[in-house]
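Under our numbering, the residues of the sequence shown are numbered 1 to 342, in order. The beta carbon of each residue, even a glycine, is placed where N, CA and C say it ideally should be.
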Amino acid sequence: MTKNIAIIGASGYTGAELIRLLATHPSFVIKALAANSKAGQSMADVFPHLRHLDLPALVTWEEIDFDQIDLCFCALPHKTSQEVISKLPGHLKIVDLSADFRLRDPEEYTKWYGNPHIAIETQKEAVYGLTEFYRNEIKGARLVAGTGCNAATGQFILRPLIAGKVIALDDIILDMKCGVSGAGRSLKENLLHAELSEGYNAYSVGGTHRHLGEFDQEFSALAGEPVRIQFTPHLMPVNRGILATGYVKGDPKAVYQTLVDAYKDEPFIEVLPFGATPSTHNIRGSNFVHIGVTGDRIEGRAIVVAALDNLCKGSSGQALQNANLMLGEEETAGLMLAPCFP
Numbered sequence: 001m002t003k004n005i006a007i008i009g010a011s012g013y014t015g016a017e018l019i020r021l022l023a024t025h026p027s028f029v030i031k032a033l034a035a036n037s038k039a040g041q042s043m044a045d046v047f048p049h050l051r052h053l054d055l056p057a058l059v060t061w062e063e064i065d066f067d068q069i070d071l072c073f074c075a076l077p078h079k080t081s082q083e084v085i086s087k088l089p090g091h092l093k094i095v096d097l098s099a100d101f102r103l104r105d106p107e108e109y110t111k112w113y114g115n116p117h118i119a120i121e122t123q124k125e126a127v128y129g130l131t132e133f134y135r136n137e138i139k140g141a142r143l144v145a146g147t148g149c150n151a152a153t154g155q156f157i158l159r160p161l162i163a164g165k166v167i168a169l170d171d172i173i174l175d176m177k178c179g180v181s182g183a184g185r186s187l188k189e190n191l192l193h194a195e196l197s198e199g200y201n202a203y204s205v206g207g208t209h210r211h212l213g214e215f216d217q218e219f220s221a222l223a224g225e226p227v228r229i230q231f232t233p234h235l236m237p238v239n240r241g242i243l244a245t246g247y248v249k250g251d252p253k254a255v256y257q258t259l260v261d262a263y264k265d266e267p268f269i270e271v272l273p274f275g276a277t278p279s280t281h282n283i284r285g286s287n288f289v290h291i292g293v294t295g296d297r298i299e300g301r302a303i304v305v306a307a308l309d310n311l312c313k314g315s316s317g318q319a320l321q322n323a324n325l326m327l328g329e330e331e332t333a334g335l336m337l338a339p340c341f342p
């Protein structure tokens, strides 16, 4: 049985990635595409790499007949997303790719995103969208809040270790390298080719990155006590990919076995043999996560490295994985594409 899908924010990178993935889905059909700034244009004009697909023209989101839609992906910036979602019909299933419904405490949202939450009642029904850890809740949800791509990567490393009590909670360092597409498609001076290429820099240094709100929320809930990690992201001059390196205090073999046990039945997460480490090359364009563990020269410390594609498993692939669960489809439907290499 086919399901009708709409995408609001189809002219951004995550919107285009959703379309790429949905094109191979066995039962989801794209019925409406909205991008208010480009309404009236075809997707072939906005994204020529999608011109082979028979897609509806872009419209404003207000023009969509949501009575004919089973599920809507909302791929808008934060603040805009909550404004739009609060006006959508109450029966509509929604997967939001923005930050607007990730943080359960509205005050925490204001702290990290700088504006008050205007859809607090809607926030109360949102389920956090880290599929592997909220699968049962997602199945029955009306609104799922996709995670931040950095937040997802860090949690794949650290959640099982915190829950399994195999690492010290007061000594966790997360170093992350991020591809430029994570910053979105809007024009920004620091993302111009001449400004970005041949360089490499840290940003949001000293605990100011917004995804720390998700780490604080999720890790503290797991541990039953406040957990604060050190986290520094770095901008790489590559289009896609996140490589996260976690430095933890704990027995390396226990850390490794905990991750193996946690992910042994997960279709998209691969724990490499002990001592091997992943590369963003090997997950590019896919919904897969590769995780590697090795010991440090300092006894009692472990290094855990994870790689994923920020646009796919970190955002649009995760969103489709959640939509599959919400609509009773196979969780892996449309998502088993092999990574693109080289």
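Please confirm whether residue i and residue j have their CB atoms less than 8 Å apart.
{"i": "threonine 60", "j": "alanine 39", "result": "yes"}
{"i": "aspartate 175", "j": "threonine 232", "result": "yes"}
{"i": "histidine 117", "j": "tyrosine 109", "result": "yes"}
{"i": "isoleucine 303", "j": "phenylalanine 156", "result": "no"}
{"i": "lysine 139", "j": "leucine 21", "result": "no"}
{"i": "cysteine 72", "j": "glycine 9", "result": "no"}
{"i": "glutamate 270", "j": "valine 248", "result": "no"}
With respect to the alpha helix (DSSP H) encompassing residue i, which residues constitute its N-terminal and C-terminal limits?
{"i": "valine 255", "result": "252-263"}
{"i": "tyrosine 203", "result": "From DSSP, tyrosine 203 is part of no alpha helix (DSSP H); its letter is neither H nor E."}
{"i": "glutamate 107", "result": "106-113"}
{"i": "cysteine 340", "result": "Run containing cysteine 340: none; DSSP gives neither H nor E here."}
{"i": "valine 84", "result": "80-85"}
{"i": "glutamate 270", "result": "Taken as a continuous stretch (DSSP letters only), glutamate 270 belongs to no alpha helix (DSSP H), being part of the beta strand (DSSP E) at 269-271."}
What residue does the beta strand (DSSP E) around residue i start on, and which one ends it?
{"i": "phenylalanine 28", "result": "28-34"}
{"i": "isoleucine 8", "result": "3-8"}
{"i": "glutamine 41", "result": "Looking at the DSSP string, glutamine 41 is not in any beta strand (DSSP E), and its letter there is neither H nor E."}
{"i": "phenylalanine 101", "result": "Run containing phenylalanine 101: none; DSSP gives neither H nor E here."}
{"i": "threonine 245", "result": "242-249"}
{"i": "aspartate 67", "result": "Run containing aspartate 67: none; DSSP gives neither H nor E here."}
When burial is assigned at 16 or more other CB atoms within 10 Å of the CB, is residue i buried or exposed?
{"i": "histidine 343", "result": "Since the displayed the chain opens at 1 and closes at 342, residue 343 lies outside it and no answer follows."}
{"i": "glutamate 218", "result": "buried"}
{"i": "serine 81", "result": "buried"}
{"i": "valine 166", "result": "buried"}
{"i": "aspartate 309", "result": "buried"}
{"i": "glutamine 318", "result": "buried"}
Please confirm if residue i has its CB atom under 8 Å from at least one CB of chain B.
{"i": "proline 26", "result": "The chain inventory of the structure shown lacks chain B, comprising one protein chain alone."}
For residue i, which of the options has the nearest alpha-carbon?
{"i": "isoleucine 30", "options": "Glu17, Ala6, Gln41, Gly15", "result": "Ala6"}
{"i": "glutamine 123", "options": "Glu198, Glu132, Asp105", "result": "Asp105"}
{"i": "alanine 152", "options": "Glu121, Asn287, Ala202, Ile118", "result": "Asn287"}
{"i": "leucine 335", "options": "Pro26, Gly12, Gly15", "result": "Pro26"}
{"i": "isoleucine 162", "options": "Val255, Asn115, Gly9", "result": "Val255"}
{"i": "alanine 307", "options": "His281, Pro237, Asn324", "result": "His281"}
{"i": "lysine 264", "options": "Ser204, Val180, Pro160, Ser315", "result": "Pro160"}
{"i": "threonine 2", "options": "Phe341, Ile269, Gly328, Asn201", "result": "Gly328"}
{"i": "cysteine 312", "options": "Gly179, Ser204, Pro56", "result": "Gly179"}
{"i": "histidine 193", "options": "Pro237, Trp112, Leu222, Ile173", "result": "Pro237"}
{"i": "leucine 169", "options": "Gln318, Glu225, Thr131", "result": "Glu225"}
{"i": "alanine 348", "options": "Ile283, Arg284, Thr131", "result": "Because residue 348 is not part of the residues shown, which for the chain are 1 to 342, the question remains open."}
{"i": "glycine 295", "options": "Asn36, Thr332, Ala223, Lys253", "result": "Lys253"}
For the region 135-146 and the region 91-100, state whether three or more C-beta atom pairs, one from each stretch, are separated by less than 8 Å.
yes
Determine contact between the region 47-55 and the region 73-88, defined as no fewer than three beta-carbon pairs at a distance below 8 Å.
no
Looking at C-beta atoms only, is the number of pairs between the region 184-193 and the region 240-256 that lie closer than 8 Å three or more?
no
Is it true that the region 205-219 meets the region 271-281, where meeting means three or more beta-carbon pairs spaced less than 8 Å apart?
no
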